[in-house]
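Engineer: The structure follows.
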Amino acid sequence: MSLAVTLLGTGSPMPSPDRAGPATLISAGEDDAAEHYLVDAGRGVLMRLAATGLGAPNLTAVLITHLHSDHITDLNDVVTTRWVMTFEETPLTIVGPVGTRKVVDHILASLEPDIEYRIAHHEDLDHRPPVNVIEVTSGVVELPAGQGGNVAITCAQTDHKPVEPSVGFRFDFQGASVVAAGDTVPCDGLDALCDGADAVVHTVIRKDIIANIPMQRLQDTLDYHSSPEEAAQTAAKAGMSTLILTHYVPPMPQGGTEDDWRALAAEHFGGTIELGDDLHRVDIPSHQQNESSR
Ligand SMILES: [Zn+2]
Ligand SMILES: [Zn+2]
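Under numbering that gives the first Met the number 0, residue 293 is the last one in the sequence shown; the count climbs by one each step, no gaps.
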C-alpha cells in the first residue's frame, strides 16, 4: 500500500488510560525506502510508535500543527531518543508554525543537563542532538537534501484562534494524498489544502456533549475545534473519499460509542468514515491506480 495513516494517539489534553496524546503517523512507500512522517508528538508518542515496529530513528521528519501542549508534550522524548538511538549524526527535522524554533530551543535548554551527562558518559557520542527546525506559513514544505524526497508536502494556515499560528499539512505520494488538519474550525486554508485530496485526518470534539457540561473551561474549547459534523462538511466540500476522526473529546467510551461519532459525521459525508483506538491504521489507495484499473 502506498500511503498509510496510523492514529498513534487518539486522545486529547484529558488523560485517558488507553489513549495516547495527539499524534499521527503518515507512512509512504515500502520497507527501507519508506518515509515516515510524525504529525504532532503528544503524550506517549514513542510507546505507540514502538507498537508499529518503528522508533525515533525511523522518522523522516516531525511536523507540528500548533504549539498547544497536548500536541508537543513528548517532543522532547523524540529529540532525545532519536539522538541516543542513532550511531552517526542524524539530524531530526522539525517542521512547524512560526514559534516552533523558540519552543524547540527551550526544550533543548531543558535537556541541557541530560545532554552533558550523556556526552560525558558515552565516548562515542561526540555531538549534541542535531535538530533542524523549519518554520512554515503556507505552500511547499522543503526538507533538507537527503531527507524525504518521495512525498510532496504542502501546508496551509488553519484557524484555531486564539492559538496562532496553526497549520495543516498535506502529503502527496504516487497518486494518493492525505491531509492532517490538526485542531481547527472549518476555514479557507484547510479547504484549499483538502481540495482534490483523498482523505483528511481531522481532530474533533463532541460539541453536543461538551455544550451541556456546566464547566466554563470545557465550554471555552467549543469555539476553536470542529465537531464531527463540521469535519464531515469539510471532507464533503473537498470531494474526499475518506474522513479519519481523531482527538476524541470526551474520550470514548465515556463520550459515546464509535457508532455514535460515525453517525454524526455521516449526516454530512457519504464517504468512508474511520475512527478507532490508538494504532488504528487506514490505507489510502492511489486514485490514479483506481482510475486506470477501471
Ligand atoms: Zn489545540
Ligand atoms: Zn488538541
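Every residue gets a Cβ at the ideal spot worked out from N, C-alpha and C, and that includes glycine.
Please read all numbers here as calculations on a predicted model, not as lab measurements.
#1: Can you tell me where the alpha helix (DSSP H) holding E257 begins and where it ends?
#2: Please report the distance separating the alpha-carbon of L324 from that of V61.
#3: Verify whether the separation of the beta carbon atoms of V184 and S225 is less than 8 angstroms.
#4: Going by other Cβ atoms of all chains shown within 10 Å of its Cβ, with 16 needed for buried, is L263 buried or exposed?
#5: Counting along the chain, where does the alpha helix (DSSP H) carrying E87 start and finish?
#6: How would you label D190, buried or exposed, when you count the other beta carbons within 10 angstroms and need 16 or more for buried?
#7: Would you kindly check if the distance between the Cβ of V166 and the Cβ of P96 is under 8 angstroms?
#8: Listed in chain order, which residues are found with a beta carbon closer than 7 angstroms to a heavy atom of ligand 2?
#9: Quick one: is L221 buried, meaning 16 or more other Cβ sit within 10 Å of its Cβ, or exposed?
#10: Would you kindly check if the distance between the Cβ of V132 and the Cβ of I93 is under 8 angstroms?
#11: If you measure from the CB of V162, is any heavy atom of ligand 1 nearer than 7 angstroms?
#12: The alpha helix (DSSP H) spanning T99 covers which residue range?
#13: Could you check the C-alpha separation between T64 and V162 for me, to the nearest Å?
#14: So for Q29, helix, strand or coil by DSSP?
#15: So, using beta-carbon positions, are V203 and A237 closer together than 8 angstroms?
#16: Are there three or more Cβ pairs, one per stretch, closer than 8 angstroms when the region 110–121 is compared with the region 84–91?
#17: Would you check if there are 3 or more beta carbon pairs closer than 8 angstroms linking the region 267–280 to the region 242–255?
#18: Any chance you could list the alpha helix (DSSP H) runs of at least 4 consecutive residues sitting entirely within the region 151–234, in chain order?
#19: Closer than 6 angstroms by C-beta to H246: which residues in its own chain qualify, once you throw out the five before and the five after it? Chain order, please.
#20: Between H65 and ligand 1, is there a pair consisting of the residue's CB and a ligand heavy atom that are separated by less than 7 angstroms?
Structural biologist: In brief:
#1: On the sequence shown, residue 257 is found 258 positions in, with the first residue counted as 1. That run of the alpha helix (DSSP H) goes E257 to A265.
#2: Residue 324 lies beyond the stretch modelled for the chain, which goes from 0 to 293, so this question has no answer here.
#3: Position 185 of the sequence shown, counting from 1, holds the residue named residue 184. Position 226 of the sequence shown, counting from 1, holds the residue named residue 225. Yes. Within cutoff.
#4: For this step, residue 263 is matched to residue 264 along the sequence shown. By the C-beta density criterion, L263 is buried, having at least 16 other C-beta atoms within 10 angstroms.
#5: The residue given as residue 87 occupies position 88 in the sequence shown. Looking at the DSSP string, E87 is not in any alpha helix (DSSP H), and its letter there is neither H nor E.
#6: Numbered from its first residue, the sequence shown carries residue 190 at position 191. Exposed is the call here.
#7: Sequence index remark: in the sequence shown, residue 96 carries index 97 (1-based). Sequence index remark: in the sequence shown, residue 166 carries index 167 (1-based). Taking C-beta atoms as the reference points, P96 and V166 count as a pair closer than 8 angstroms.
#8: My final list is S11, P12, P21, H67, D69, H70, D182, T202 and H246.
#9: Counted from its first residue, the sequence shown places residue 221 at position 222. With fewer than 16 Cβ atoms within 10 Å of its Cβ, L221 is classed as exposed.
#10: Counting from 1 along the sequence shown, the entry for residue 93 is found at position 94. Counting from 1 along the sequence shown, the entry for residue 132 is found at position 133. Yes, Cβ-Cβ distance for I93 and V132 is below 8 angstroms.
#11: One-based indexing of the sequence shown puts residue 162 at position 163. Yes; taking the cut-off as 7 angstroms, the Cβ of V162 has a heavy atom of ligand 1 nearer than that.
#12: Within the sequence shown, the letter at position 100 stands for residue 99. Per DSSP, T99 belongs to the alpha helix (DSSP H) from T99 to S109.
#13: Position 65 of the sequence shown, counting from 1, holds the residue named residue 64. Position 163 of the sequence shown, counting from 1, holds the residue named residue 162. Whole-angstrom Cα-Cα distance: 11 angstroms.
#14: Position 30 of the sequence shown, counted from the start, is the residue given in the question as residue 29. Note on identity: in this sequence residue 29 is Glu, with Gln being the wrong assignment. In the three-state reduction of the DSSP assignment, E29 falls in the coil class, being assigned neither a helical nor a strand state.
#15: For the purposes of this step, residue 203 is taken as residue 204 along the sequence shown, with counting starting at 1. For the purposes of this step, residue 237 is taken as residue 238 along the sequence shown, with counting starting at 1. No. Outside cutoff.
#16: Too few Cβ pairs lie closer than 8 angstroms, so no.
#17: yes
#18: Along the region 151–234, the alpha helix (DSSP H) occurs as fully enclosed runs of 4 or more residues at 187–193, 206–209 and 215–218, listed in sequence order.
#19: The sequence position of residue 246 within the sequence shown is 247, counting from 1. Correct list, in chain order: S11, P21 and T202.
#20: As a first step, residue 65 is located in the sequence shown; it is residue number 66 there, counting from the start. Result yes, Cβ under 7 angstroms from ligand 1.
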